[in-house]
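Residue numbers (my numbering): 823 to 1252.
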């Protein structure tokens, strides 16, 4: 029920799927290690192997390196080598290879250069270098975690402190808790020192934090309030602070668009109301009331986010595609100029030309002849000057450059959310 985790469930991204598979592998392994040899342990190890395989298919070696690193460090620190077996390794390995290997083998046989690109360029070089232009400071993920964990953020410091104090002398409980700490800590360190950083990379950390705080709340008697009083004060202060900041952004600056004001006001209202109601529920029902209030707060945020989502992410190339289909014949050449809208060919139901852009298609360009649809500047402008009608889709920056060039003749057909549609023949645009 953390905000960031929920938000990414509403987006189409492989990072969310990888987070689920990493979580499945880590939880299955932990439960297997805490189970006696037998059918239950065997099936848990199969679930772990299945999660490894699906994660590997989804996003490669990272989905093995991270959970595998957590497992290895945990076994090493607590000297659990004698308890590690049985891992049911032969059948677990067969299960993993059956799922994960065929696709990689078939692609490598068809494209021998694939393995280097996939494992070296997309894993090692992406992690160690800034060639993919995703660099961020070493503290990049700290605000991501603190804001992404809302509304539970204020309870995390006390949860860690109290659980360490309570379970340090209980070997069994301490092993489980340390596993969760390693889970969260290794992911945080691994991606913080990486040269490539994006917000969703940190998603696999959130299930571990959720389990830590869930164990914290479960360790407190239902009617007690004293153990979380400090956190409640922190929750009150944090909510009012965030409400104040958002109010300033909303009413004191021009950063927020008018269509977002209603949703922002609802968020401010939930923060203020929750800051008052959650402590009150704590006084009436103890920690159980606090937990119920927190879950209610999270649900309110999720409802607001779900309703507001269409207004927050409106940019789409579909309106441009519809203008092309309405105003130009199906045989008209359409080119993306110094950008690539990957859904434009889908909406048009035909191949387009891509000019002056390579991005993640560069590797494929080097292996195949793409000159028919990936044009250089010379080829593009030679075709633009011909009698045949052409359309260009580009962004604002390149549109302004073209507009300032007196030697380029064009007609602006339409503009939508920073995407510009222009053509080279005025008579063909309606």
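From the three backbone atoms N, C-alpha and C, an ideal C-beta is built for every residue, glycine too.
- Residue environment analysis places residue 1187 among the exposed positions, since fewer than 16 neighbouring C-beta atoms fall within 10 angstroms of its C-beta.
- Each residue's CA atom was taken as its position, placing residue 1120 and residue 1060 some 15 Å apart.
- For the options 1092, 1056, 1048 and 1144, the alpha carbon positioned closest to that of residue 1068 is the one of 1092.
- Following the DSSP letters along the chain, one finds residue 848 inside the alpha helix (DSSP H) bounded by residues 836-855.
- The Cβ atoms of residue 825 and residue 1123 sit closer than 8 Å to each other.
- Per DSSP, the unbroken alpha helix (DSSP H) holding residue 920 starts and ends at 911-932.
- The residues 1108 and 1109, in chain order, have a CB closer than 8 Å to that of residue 1046 in the same chain once the five nearest residues on each side in sequence are set aside.
- Residue 845 holds the alpha-carbon nearest to the alpha-carbon of residue 871 among 845, 859 and 857.
- Ranked by Cα distance from residue 1244, the options 1164, 1193, 1155 and 1195 are led by 1155.
- Following the DSSP letters along the chain, one finds residue 1157 inside the beta strand (DSSP E) bounded by residues 1155-1159.
- Sixteen is the threshold: when 16 or more other Cβ atoms of the shown chains lie within 10 Å of the Cβ of residue 1096, as they do, the residue is buried.
- Cβ contact annotation for residue 918 (same chain, cutoff 7 Å, sequence separation greater than five): 871, 874 and 875, in chain order.
- For residue 1140, the enclosing alpha helix (DSSP H) covers residues 1140-1149.
- Using a Cβ distance threshold of 8 Å, residue 1038 and residue 1127 do not count as a contacting pair.
- For residue 997, the enclosing alpha helix (DSSP H) has its first and last residue at 993-1014.
- Residue 896 is a Cβ neighbour of residue 1001, given a cutoff of 8 Å.
- Counting only the Cα atoms, residue 1064 lies some 10 Å from residue 1089.
- In the three-state DSSP reduction, residue 862 falls in the helix class (H, G or I).
- Under the Cβ criterion (8 Å, minimum of three pairs), the segment 1012-1020 does not count as touching the segment 986-1004.
- Under the three-state reduction of DSSP, residue 1208 is assigned to coil, being neither helix nor strand.
- Within 10 angstroms of the beta-carbon of residue 1102 lie fewer than 16 other beta-carbons, which makes it exposed.
- For the pair residue 988 and residue 1139, the Cα-to-Cα distance works out to about 55 Å.
- In terms of Cα proximity to residue 1081, the closest of 1131, 960, 1049 and 1023 is 1131.
- For residue 1213, DSSP records a beta bridge to 1156 and 1245.
- Pairing residue 1212 with residue 1177, the inter-Cα distance amounts to about 13 Å.
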